[in-house]
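Here's the structure, in structure tokens; my notes come after.
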Amino acid sequence: MARRLLWLALLLIGAGYFGPWVWHKAAGLNLSADDLGEWLKFLPAWKEGQLPILRELFYLPIWLTSLGLGLLAGRSTPWPWKLAVLALSVLLVFTPLPKYPELLGAYREPEFRLTFWSTVVALLLSSAFAFLGSRLPDRVEAILWMVIGVAAALFAPWMFGRAMPDIDRLYHYSIGWGLVAEVIGGVLLAVIGGALLLKRNRVSTS
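For the record, in the sequence shown the residue sitting at position 64 is 104 according to this note's numbering, with numbers rising by one throughout.
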């Protein structure tokens, strides 16, 4: 049951990342977290250095989804299933990277450097979880789920809250379902991790 809920939570986080955070009846004005990470660079306040936002945090949900999939892969027994989940994790982790030809110099360009190296770290961690996750103590796994959940529910929505006044100056919009799904998925993941940790502690003390 817990594994199914973990899948559900990761699905909500991943879908929330690609779903609209800024919703407008004109489809071209809808913005996902993936869009916001790039779109914010064009705001006047950003260009003037007056917008206190780390835009790479909008990409954090998909990196966290990749890490979560790596953890699930590490706890999977059949190798074909483990590799399939890892492949999905790898596919998603590359989402924030710039397109070709900017990708070629992304590792050194100030505009893309943090995104590039964060993606590399997420890829390495996800792969490590997939191949070594079965060796992790249950308590450590539970704590990792809690950390991933809290980070998913907190950081990107926090950046969005800071950007809302500046977006509102450009056009009126509604909060999209993507943001809601993101927060719900993160909270659910943290709760599951907490429940697994409590269960493990009870087993240890009994």
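We put the beta carbon where it would ideally sit given N, CA and C, even for glycine.
These numbers were taken from a predicted model, which means no experiment stands behind them.
### Query
Which first and last residues belong to the alpha helix (DSSP H) in which proline 197 is found?
Looking up residue 197 in the sequence shown gives position 157. According to the DSSP assignment, proline 197 belongs to the alpha helix (DSSP H) that extends over 178 to 210.
### Query
Short check: CB of glycine 110 to CB of phenylalanine 169, under 9 Å?
In the sequence shown, counting from the first residue as 1, residue 110 sits at position 70. In the sequence shown, counting from the first residue as 1, residue 169 sits at position 129. The Cβ atoms of glycine 110 and phenylalanine 169 lie closer than 9 Å to each other.
### Query
Hey, how far is the Cα of glutamate 181 from the Cα of glycine 233?
Translated into positions along the sequence shown, residue 181 becomes position 141. Translated into positions along the sequence shown, residue 233 becomes position 193. Looking at the two C-alpha atoms, the distance is approximately 8 Å.
#### Entry: Enclosing alpha helix (DSSP H) for proline 84 [first to last residue]
In the sequence shown, residue 84 corresponds to position 44, counting from 1. Residues 84 to 87.
### Message
Pop quiz: threonine 105 and leucine 131 are said to be a contact at Cβ under 8 Å. What is the actual Cβ separation, rounded to whole angstroms?
### Response
For this step, residue 105 is matched to residue 65 along the sequence shown. For this step, residue 131 is matched to residue 91 along the sequence shown. The pair is not a contact, with the Cβ atoms about 11 Å apart (cut-off 8 Å).
#### Entry: Nearest-angstrom Cα separation, counted from leucine 184 out to asparagine 241
Against the sequence shown, residue 241 aligns to sequence position 201. Against the sequence shown, residue 184 aligns to sequence position 144. The alpha-carbon of asparagine 241 is positioned some 15 Å away from that of leucine 184.
### Query
Out of curiosity, what's the CA-to-CA distance linking arginine 209 and glutamate 88?
Residue numbering aside, residue 209 sits at position 169 when the sequence shown is read from its first letter. Residue numbering aside, residue 88 sits at position 48 when the sequence shown is read from its first letter. Their Cα atoms are separated by approximately 16 Å.
### Task
Return the bridge partner residues of serine 72 from the DSSP annotation.
In the sequence shown, residue 72 corresponds to position 32, counting from 1. Under DSSP, serine 72 takes part in a beta bridge, and its partners are Pro60.
### Task
Give the C-beta separation of glycine 226 and valine 190 to the nearest angstrom, bearing in mind that I take them to be a contact with Cβ-Cβ under 8 Å.
Translated into positions along the sequence shown, residue 226 becomes position 186. Translated into positions along the sequence shown, residue 190 becomes position 150. Cβ-Cβ separation between glycine 226 and valine 190: approximately 7 Å, consistent with a contact (criterion under 8 Å).
### Message
At the level of alpha carbons, what is the spacing between leucine 107 and serine 166?
### Response
Here residue 107 refers to the residue found at position 67 of the sequence shown. Here residue 166 refers to the residue found at position 126 of the sequence shown. Each residue's alpha carbon lies about 5 Å from the other.
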